[in-house]
Each structure stands twice: as structure tokens, then as C-alpha cells.
Amino acid sequence: MDSRGQERLPNSPRDKMKVLVINGPNLNRLGLREPEIYGSFTLADLERVLKKEGEVLGIELDFFQSNSEGAIVDTIQQARGRYDGIIINPGAYTHYSIAIRDAIAGEGIPTVEVHISNIYKREEFRHHSVIAPVAIGQISGFGIYGYIMALYGLNNYLRSTYG
Ligand code: CA2
0 MDSRGQERLP NSPRDKMKVL VINGPNLNRL GLREPEIYGS FTLADLERVL KKEGEVLGIE
60 LDFFQSNSEG AIVDTIQQAR GRYDGIIINP GAYTHYSIAI RDAIAGEGIP TVEVHISNIY
120 KREEFRHHSV IAPVAIGQIS GFGIYGYIMA LYGLNNYLRS TYG
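Below is the structure:
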């Protein structure tokens, strides 16, 4: 809903485009542990960098991190009508959360999946994503820069699809 209580339309000229960035379990530890895999940027650093990039593109960004599957599902459900797109790193839920996959598919909000590490170069159990088939695309292996790539990809997708 927008400020006048109207259903929000994707990329509506009425107000600024809004994107929600969701980070799943353990990503609150970014920069604090395993820097050789996930780098030395903290989650707060990532949010600051993305916010700035959003300003360049004219996109307002909100951020959510949770270690709980249910909280992530609730957040995706509540995003309908409020956000034009979602960028999600579902963490380990990537590999088995049918609940998060169903929420993304059910709400129909264009969603980009991001992984900091290259999941295909790691253990075999990380090679499969149950989220990928309901995402518009997946970015994996570019460190936190992958979130910026996702923002640009989503921006282009939304403006060319609805603009
Ligand atoms: O590469 C990614 O972004 C992952 O989504 C990260 C998940 C992992 O389970 C996926 O297979 C790939 C794990 C997130 C753990 O994040 C930490 C960050 C810093 C320190 C410790 C954990």
C-alpha cells in the first residue's frame, strides 16, 4: 500500500521504487568469522554500501536479517504491496527451505538470489538451490559485490518489465 492506502503497483510513478534485502541465518556474523570465505565486510558495511548504490539508482532499500525460517517467511508475506522487488541471501535455507521457496512463489514479488561464496565450488550439499527456480536470477561467488550486481539486475528487470 502507498501513503494513500492504494495497492502499490510495481515501479509506480507515484512513488520511489522499493527493494527489500533479506539475509538469512548466520549472515549477522559477516566480517566477524570465516573471512577467507565470506570476506571482511560486516552486515552493517554491506547495508551502508547498498543504500548508497540505491540512491544512485533511485531505489529505496530496507534490510532484514533473521536466523529463523518462519520470520523470513512472515517478512516475504508482508512485503506484498510494499516492495517492488526482493534481494535474498537465504543462507543455508537455500538448500532445503521449501517454506521460503513457497513464500517467494506465492507472493510473486520479483526476487534475486545472492550468495557471497560460489556455492558450486563448495561441498556438494551446497550445489542445489530450492530457491533458484522461483527467482528471476541467481548471483554466486562475487563476495558482497554480488548484492550490488543483484540490485542493478533487479533495477533493470523492474524498469524494463513495468516501466
Ligand atoms: O555464500 C553464501 O552467501 C551462502 O548463502 C552463505 C551460507 C551458506 O550456508 C550457503 O551455502 C552459501 C552461510 C552463511 C554463514 O555466514 C557466515 C558469515 C560469516 C561468518 C560465519 C558465517
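Take the sequence shown: its letter number 5 is residue 4 in the numbering used here, and every next letter is one higher.
Glycine included, every Cβ here is placed at the ideal spot set by N, Cα and C.
Please read all numbers here as calculations on a predicted model, not as lab measurements.
As assigned by DSSP and simplified to three states, the class of Y151: For the purposes of this step, residue 151 is taken as residue 152 along the sequence shown, with counting starting at 1. Of the three classes helix, strand and coil, the one that applies to Y151 here is helix, per DSSP.
Tell me whether S116 sits in a helix, a strand or coil according to DSSP, three-state version. Locating residue 116 in the sequence shown gives position 117, counting from the first residue. It is coil, neither helix nor strand.
Just curious, the beta strand (DSSP E) that D61 is in, first and last residue? By one-based count along the sequence shown, residue 61 stands at place 62. Taken as a continuous stretch (DSSP letters only), the beta strand (DSSP E) holding D61 covers I58 to Q64.
The stretch 124-139 in contact with the stretch 53-61 per 3-pair CB rule at 8 Å: no
Could you have a look at G23 and say whether DSSP puts it in helix, strand or coil? Position 24 of the sequence shown, counted from the first residue, corresponds to residue 23. Correct three-state label for G23: coil.
Please state whether DSSP places R15 in a helix, a strand or coil. Translated into the one-based positions of the sequence shown, residue 15 becomes position 16. Just to set this straight, residue 15 is Lys in the shown sequence, not Arg. Looking at K15 - three-state DSSP - the assignment turns out to be coil, as it is neither helix nor strand.
Within 10 angstroms of its Cβ, does T110 collect 16 or more other Cβ (buried), or is it exposed? Position 111 of the sequence shown, counted from the first residue, corresponds to residue 110. By the 10 Å Cβ count, T110 comes out buried.
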